[in-house]
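K.L.:
Take 0 as the starting number for the sequence shown in numbering that gives the first Met the number 0 and just add one per residue.
Note that the Cβ used here is the ideal one computed from N, Cα and C, for glycine as well.
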Amino acid sequence: MDIKTIILGGVSANCYLLKTEKGFILVDTGRANRRAKLEKELESAGCRPGNLNLIILTHGDFDHTGNCAYLRDKYNTKIVMHYDDFGMVETGDMFWNRKAGNRIIRRIVNVFFKITKFKPDFPVNEGYDLKEYGLDAKIVSLPGHSKGSIGILTADGELFCGDLFMNNSKPSISSIIDNQEEADASVQKIMRLNIRIVYPGHGQPFPISSIKI
Ligand SMILES: [Zn+2]
Numbered sequence: 000m001d002i003k004t005i006i007l008g009g010v011s012a013n014c015y016l017l018k019t020e021k022g023f024i025l026v027d028t029g030r031a032n033r034r035a036k037l038e039k040e041l042e043s044a045g046c047r048p049g050n051l052n053l054i055i056l057t058h059g060d061f062d063h064t065g066n067c068a069y070l071r072d073k074y075n076t077k078i079v080m081h082y083d084d085f086g087m088v089e090t091g092d093m094f095w096n097r098k099a100g101n102r103i104i105r106r107i108v109n110v111f112f113k114i115t116k117f118k119p120d121f122p123v124n125e126g127y128d129l130k131e132y133g134l135d136a137k138i139v140s141l142p143g144h145s146k147g148s149i150g151i152l153t154a155d156g157e158l159f160c161g162d163l164f165m166n167n168s169k170p171s172i173s174s175i176i177d178n179q180e181e182a183d184a185s186v187q188k189i190m191r192l193n194i195r196i197v198y199p200g201h202g203q204p205f206p207i208s209s210i211k212i
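1. Could you check if residue 175 belongs to the surroundings of ligand 1, using beta carbon to heavy atom distance under 8 Å?
2. From what residue to what residue does the alpha helix (DSSP H) around residue 189 run?
3. Is residue 92 a contact residue of ligand 1, with contact defined as CB to any heavy atom under 8 Å?
4. Less than 9 Å between the C-beta atoms of residue 26 and residue 55, yes or no?
5. Could you tell me whether the Cβ atoms of residue 211 and residue 139 are closer together than 9 Å?
6. For my contact list, residue 127 and residue 160 are in at a C-beta cut-off of 8 Å; report their separation, rounded to the angstrom.
7. If you check the beta carbons only, do residue 6 and residue 17 fall under 9 Å apart?
8. Relative to ligand 1, is the shortest distance from any of its heavy atoms to the C-beta of residue 83 smaller than 8 Å?
9. Give the range of the alpha helix (DSSP H) segment to which residue 19 is assigned.
10. Considering only heavy atoms of ligand 1, list every residue whose Cβ is less than 5 Å from one of them, following chain order.
11. Can you pull the DSSP bridge partners for residue 3?
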């Protein structure tokens, strides 16, 4: 499997284009305002309508989901994510299932950062096997940043972790955690798994050994 890391810049999340034996899988889709750059990157990798088999969203935040409805139409593909974040993308409210954020913050965020509303095609949960899409990898449930946060763990020990970890200045646990207990449990779980490299939602990939807990 080839991994193309697509760093869109600004506050847009990274996208990861995975080339499998059956075509492509895209992990996260960035912010809508970075669409042109993303499309160019997909095109240069040879990703086109007919070979993008799946879009996996690590969670429902707008900086990860901004282009997925557009890409689903253009590439005639499917969008999957954890059921617990469905409401975020169906209502366009990133606080739909979150505890944090008072009403004023919620209103400001929801006015300035509108999520494109869409319906995912089907939910994926812990253990979901991506073999059918040509990828030797499984979904791991990693709640904490949001309730429905997931990672994708390949048989080679690569973890696409969404926003559980970030690497803006150095590898660390995300500064935005909605449920600390769940996040701690997710980190503990990761430390028990066979992981080599972490591909975060923000910043460059890093070896798991650089996370100190
Ligand atoms: Zn997020």
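P.N.:
Considering the structure as presented:
1. yes
2. 179-191
3. Answer for residue 92: no, Cβ out of range of ligand 1.
4. yes
5. It is not a contact, given that the beta carbons lie outside the stated cut-off.
6. The pair is not a contact, with the Cβ atoms about 16 Å apart (cut-off 8 Å).
7. In this structure, residue 6 sits away from residue 17, with a CB-CB distance that is not shorter than 9 Å.
8. no
9. Residue 19 -> not in any alpha helix (DSSP H); beta strand (DSSP E) instead, spanning 14-19.
10. 60 and 162
11. According to DSSP, which records beta bridges pairwise, residue 3 is partnered with 16.
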